[in-house]
Structure formats: structure tokens, C-alpha cells
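Read the structure below first, then the notes.
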Amino acid sequence: MDAKKEAVAVVLAAGKGTRMKTELPKVAVALNGKPLLNHVIDHLKEAGVHDIVVVVGYKKEEVQALCAGIPGIRFAEQKEQLGTAHAVLCAEELVKGHTGPILVACGDVPMITGDTFRSLVSTHNQNGFSATLLSAKVEVPTGYGRIVRNPSGEVVAIVEEKDANEEQKKIDEINTGTYVFSSEILFESLRKIGNSNAQGEYYLPDLVELYKKEGKKLGAVILKNSGESQGVNSPTDLENLSAILNGGVAAK
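Residue numbers (this note's numbering): 4 to 255.
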């Protein structure tokens with residue numbers, strides 16, 4: 004494969020996961036006997052992504068131990084939890100020589116398949132987008148960032164729940180937190196993002212807005228199976244995903 008088209012992945016795995024009611028790092032919590040992070044890594048490998056940078060933070064040694072013996076894994080440390088954009092910036096030293104796309108995945112979203120990752124990268128490459136995000140259409144979008152499109156269907160913004168107006172809250176297309184970015188401008192652009200929000204953190208959705216203002220080309224791939232977008236934020240989420248994987252029915 005052309006090196007300029009080959010993706011390197013940055014997996015966000017620094018979080019604590021307070022709501023999981025466990026001392027484990029969130030990505031170390033097991034889903035059907037396998038840590039969440041390892042589900043994500045396996046799916047990335049299935050997609051042909053073999054260079055993977057895992058961003059660690061909370062209990063980093065435990066997260067690094069999950070990857071022992073897996074080829075192609077490197078680690079970047081996020082010493083302070085300052086948001087998703089800051090987490091990607093922490094990986095800069097390890098990926099700055101890379102000229103192809105950079106795929107950003109969440110270590111606590113274990114259901115996104117290798118096919119989905121592959122299709123996201125190829126859509127990005129074929130269309131010359133600066134950023135391509137993975138979205139999902141869901142019945143209850145409450146709590147998620149909404150994908151705002153203009154009348155011609157182009158992505159213009161991601162609006163977080165707390166910042167959304169009544170009209171935007173009705174949008175059923177949500178951001179999954181999974182993206183592909185072109186490497187040439189990514190880190191320079193991340194440095195332009197501010198943190199003037201309630202949490203004082205630096206968020207990747209703000210990069211999408213910045214690119215739009217700068218006239219960059221943005222794309223979005225809507226998941227064929229919206230269930231892949233489900234992350235794990237609580238013990239109930241874990242039970243639901245386990246039920247789905249076992250062919251059962253998830254609790255509402």
C-alpha cells in the first residue's frame with residue numbers, strides 16, 4: 004500500500020472511568036473476557052492498521068501491560084487529562100514522520116469493526132478530506148455531540164449537547180469520537196484550538212469547526228450499524244454490549 008495512504012492509529016486510553024466503579028483503568032475493564040482496549044486493537048489490525056500509538060495516562064503501567072507482546076504498539080503519555088485534542092497532541096513525537104492519514108479511535112468503544120475502520124480511511128483518502136468523522140444515526144441522541152450539515156449535506160460543525168439549541172437537539176446524527184485526519188496539518192491545527200468551555204479542556208470536535216472556518220474539506224461516514232458506536236461509560240453499558248456480543252438483547 005502507498006505509504007501516503009496507509010494509516011497510523013492513535014488510540015485514546017488515558018481515562019480513569021470513574022463511573023465504572025472500579026479501580027481499573029477504564030480501557031482495562033473486560034468485555035466478554037477481553038479488555039476493551041484489546042477489542043479496539045484487534046479491530047484496527049483487522050483493518051490493516053499495524054502502527055498503533057496508545058495514549059496512556061491513568062495507571063499507565065496496567066494499560067501498557069495489556070499490550071505486552073502485541074507487535075506495532077507504541078505508547079504516548081498524557082500526564083494531565085486536558086481533553087481529546089490534547090491527547091492526540093501527546094502522540095505528536097511518535098507520529099510526526101508519518102505522511103499518511105491518522106486514525107483516532109477511543110479505547111473504550113470496542114464494537115467498531117475492522118471493516119468500518121477500513122472504510123473510514125478509504126473514504127478519507129479517496130475524497131481528499133482534511134478530516135473525516137464517523138457518525139451514527141440513533142433513536143435517542145441525548146448526551147452526544149450532534150453532526151450539523153448544511154443544505155447540501157456537508158458537515159459544518161459538531162455541536163455538543165450542552166451547547167445545542169432546541170433545533171440542533173432534534174438532530175439524530177451523532178459524533179462517535181472516531182476520526183481520520185490528514186497528517187500534514189493536524190498538529191499545527193491542534194495548537195490553534197482553545198479551551199474556553201465548561202471543562203477547560205481541548206476537544207477534537209473544535210478542530211472540525213476550525214477546519215470549516217479555514218475552508219478545509221470535511222467528510223463523514225455514517226455507520227451502517229449504529230450499535231458499533233456504543234462506548235462503555237457504566238456497568239450497564241458493559242452488560243448491554245456483552246448481551247449483544249452473546250446474541251442476546253440489550254437492556255434499555
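Just so you know, even glycine gets a beta-carbon here, dropped at the ideal spot from N, CA and C.
Model, not experiment: these values are computed from the prediction.
Exercise for review: Go ahead and label residue 209 buried or exposed: buried means 16 or more other beta carbons lie within 10 angstroms of its beta carbon, across all protein chains shown.
Suggested key: Here residue 209 refers to the residue found at position 206 when the sequence shown is read from its first residue. When all chains shown are included, residue 209 counts as buried.
Review point. With 16 other CB atoms within 10 Å as the buried threshold, where does residue 162 fall?
Key: Along the sequence shown, read from residue 1 onward, the residue named residue 162 stands at position 159. With 16 or more other Cβ atoms within 10 Å, it is buried.
Point to revise | beta strand (DSSP E) runs contained entirely in the segment 80 to 145, provided each spans 3 or more residues | key: Counting only runs of 3+ residues, the beta strand (DSSP E) found wholly inside the segment 80 to 145 occupies 104 to 109, 134 to 140, in chain order.
Review point. Should residue 154 be labelled buried (16 or more other beta-carbon atoms within 10 Å of its own) or exposed?
Key: Within the sequence shown, numbered from 1, the residue matching residue 154 stands at position 151. Under the 10 Å beta carbon count, residue 154 is surrounded by fewer than 16 other beta carbons and is classified as exposed.
**Study point:** residue 204: first and last residue of the uninterrupted beta strand (DSSP E) it sits in
**Key:** In the sequence shown, residue 204 corresponds to position 201, counting from 1. Premise fails: residue 204 is in no beta strand (DSSP E) and is neither H nor E.
Review point. In chain order, what residues of the same chain have a beta carbon less than 6 Å from the beta carbon of residue 190, not counting five sequence neighbours either side?
Key: The residue labelled residue 190 in the question sits at position 187 within the sequence shown. Once the five neighbours on either side are set aside, the close Cβ partners of residue 190 are 95.
Check your understanding: Would residue 91 pass as a contact of residue 107 if the rule is Cβ separation under 9 Å?
Key -> The sequence position of residue 91 within the sequence shown is 88, counting from 1. The sequence position of residue 107 within the sequence shown is 104, counting from 1. A Cβ-Cβ contact shorter than 9 Å links residue 91 with residue 107.
Review point. Going by C-alpha distance, which of 16, 11, 20, 8 is nearest residue 237?
Key: As a working note, residue 237 is residue 234 in the sequence shown. Proximity to residue 237 across 16, 11, 20, 8 peaks at 20, based on C-alpha coordinates.
Review point. Buried or exposed: residue 104, going by 16 or more other Cβ atoms within 10 Å of its Cβ?
Key: As a position in the sequence shown, residue 104 is number 101, starting the count at 1. So residue 104 ends up on the buried side.
Check your understanding: residue 182 by DSSP, collapsed to three states: which one?
Key -> Position 179 of the sequence shown, counted from the start, is the residue given in the question as residue 182. Note: residue 182 maps to strand in three-state DSSP.
Exercise for review: Label residue 202 either buried or exposed according to how many other C-beta atoms from any shown protein chain fall within 10 Å of its C-beta, with 16 as the threshold for buried.
Suggested key: Along the sequence shown, read from residue 1 onward, the residue named residue 202 stands at position 199. By the 10 Å Cβ count, residue 202 comes out exposed.
Practice item. Along the beta strand (DSSP E) that carries residue 244, what are the first and last residues, could you check? Key: Indexing the sequence shown from 1 puts residue 244 at position 241. No beta strand (DSSP E) holds residue 244; the alpha helix (DSSP H) holding it covers 238 to 248.
Review point. Can you pull the DSSP bridge partners for residue 1?
Key: Residue 1 lies beyond the range of the chain shown here (4 to 255); nothing can be said about it.
Exercise for review: Can you tell me which of the three DSSP states residue 230 falls into?
Suggested key: Here the question's residue 230 lines up with position 227 in the sequence shown. The answer is helix: DSSP assigns residue 230 an H, G or I state.
Review point. Just reading off the alpha helix (DSSP H) that residue 73 is part of, what are its end residues?
Key: Position 70 of the sequence shown, counting from 1, holds the residue named residue 73. From DSSP, residue 73 is part of no alpha helix (DSSP H); its letter is neither H nor E.
Practice item. Run the CB neighbour count on residue 28, radius 10 Å, all protein chains shown included, and call it buried at 16 or more, exposed below. Key: Numbered from its first residue, the sequence shown carries residue 28 at position 25. Label assigned to residue 28: buried.
Review point. Helix, strand or coil for residue 210 per DSSP?
Key: Locating residue 210 in the sequence shown gives position 207, counting from the first residue. It is helical.
Review point. Once you ignore the five residues that flank residue 37 on each side, which residues in its own chain have a CB closer than 6 Å to its CB?
Key: Translated into positions along the sequence shown, residue 37 becomes position 34. Within the same chain, residue 37 has no close Cβ partners at all.
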